[in-house]
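Residue numbers (the working numbering): 1 to 202.
All residues carry an ideal CB built from backbone N, CA and C; glycine is no exception.
See structure below.
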Amino acid sequence: MSLLTKDDLSRQSPSAWACLGILVGVIIAFWLLDKRQAAYGTLAALVGCLGLILPPRERMTALPWRIRRLPRQLDAVPVLATLLSSPGYGVNWFYGANPYDEVVHLISGLLAGAVVGSLLAVDGRPRKAIRLALLGTGCGIALGTSWEIFEWATGLIGDWTDTWTDIALTASGLMLGTAFWGRQRQGGPLPLRRSMDAMGSD
Numbered sequence: 001m002s003l004l005t006k007d008d009l010s011r012q013s014p015s016a017w018a019c020l021g022i023l024v025g026v027i028i029a030f031w032l033l034d035k036r037q038a039a040y041g042t043l044a045a046l047v048g049c050l051g052l053i054l055p056p057r058e059r060m061t062a063l064p065w066r067i068r069r070l071p072r073q074l075d076a077v078p079v080l081a082t083l084l085s086s087p088g089y090g091v092n093w094f095y096g097a098n099p100y101d102e103v104v105h106l107i108s109g110l111l112a113g114a115v116v117g118s119l120l121a122v123d124g125r126p127r128k129a130i131r132l133a134l135l136g137t138g139c140g141i142a143l144g145t146s147w148e149i150f151e152w153a154t155g156l157i158g159d160w161t162d163t164w165t166d167i168a169l170t171a172s173g174l175m176l177g178t179a180f181w182g183r184q185r186q187g188g189p190l191p192l193r194r195s196m197d198a199m200g201s202d
């Protein structure tokens, strides 16, 4: 398999690359502000985003078929999430007397919900909004809990109130994002017959 073809490049999301350009600017700003650790951390996140965006997933048969059919416009999601949280670590907005932490968790949940909703919708099967919301809530609780475990392991975690509100806000964002995007995406093209045959239940 060729690494990247002209067709692969034509499918890339301009919005995702625009966000990456802004992220490069954030890294430079952190460096100029002598926030070297934040600059290195954001650079590592940028490399991770490139690892998600660049591969030609449409041709990568080793990937689950739902991921191969994920709309390219959603490639901007991990970059937007990184942009959203970078000031929290870079200039300590997470630790100020402000609602920044709560806003980050809610919006990050909404962004993740767009991905979950789109992954569910690619099979073209109709799903009620309540079912999408419940699926999103479950994913949100799992994602929020995993993130809080990461914060605990790295010494970033706050008190108990901070922990449960972060999980609740992430789950709420995912619930709303999954329900909205899942409904918006329904009615799209059905996958290839062999994909449908290989597909299990949600």
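Under 8 Å between C-beta atoms of residue i and residue j
{"i": "THR170", "j": "GLY144", "result": "yes"}
{"i": "ALA39", "j": "ILE22", "result": "no"}
{"i": "ARG185", "j": "SER118", "result": "yes"}
{"i": "GLY173", "j": "SER108", "result": "yes"}
{"i": "LEU135", "j": "GLY177", "result": "no"}
{"i": "GLU148", "j": "ILE167", "result": "yes"}
{"i": "MET175", "j": "GLY140", "result": "yes"}
{"i": "TRP181", "j": "ALA114", "result": "yes"}
{"i": "GLY90", "j": "VAL104", "result": "no"}
{"i": "ARG183", "j": "LEU106", "result": "no"}
Coarse secondary structure for residue i, derived from DSSP in three states
{"i": "THR170", "result": "helix"}
{"i": "GLN184", "result": "helix"}
{"i": "LEU70", "result": "coil"}
{"i": "GLY21", "result": "helix"}
{"i": "TRP93", "result": "helix"}
{"i": "GLY48", "result": "helix"}
{"i": "GLY124", "result": "coil"}
{"i": "ASP162", "result": "helix"}
{"i": "ASP75", "result": "helix"}
{"i": "LEU176", "result": "helix"}
{"i": "LEU3", "result": "coil"}
{"i": "LEU80", "result": "helix"}
{"i": "LEU204", "result": "Because the chain in this structure spans residues 1 to 202, residue 204 falls outside the shown range and cannot be described."}
For residue j and residue i, believed in contact at Cβ under 8 Å, the rounded distance
{"i": "ALA129", "j": "ALA179", "result": "5 Å"}
{"i": "ASP75", "j": "SER13", "result": "4 Å"}
{"i": "THR42", "j": "SER86", "result": "5 Å"}
{"i": "LEU20", "j": "LEU46", "result": "7 Å"}
Range covered by the alpha helix (DSSP H) that runs through residue i
{"i": "LYS6", "result": "6 to 11"}
{"i": "GLU58", "result": "Careful: GLU58 lies outside any alpha helix (DSSP H) and carries neither H nor E."}
{"i": "GLY113", "result": "100 to 121"}
{"i": "LEU63", "result": "That residue, LEU63, is in no alpha helix (DSSP H); it is neither H nor E in DSSP."}
{"i": "THR145", "result": "129 to 153"}
Contact between the stretch 78 to 94 and the stretch 48 to 63: three or more CB pairs below 8 Å?
yes
Stretch pair the stretch 57 to 64 + the stretch 109 to 118: three plus CB contacts closer than 8 Å
In this structure the stretch 57 to 64 does not touch the stretch 109 to 118; the number of beta carbon pairs closer than 8 Å is below three.
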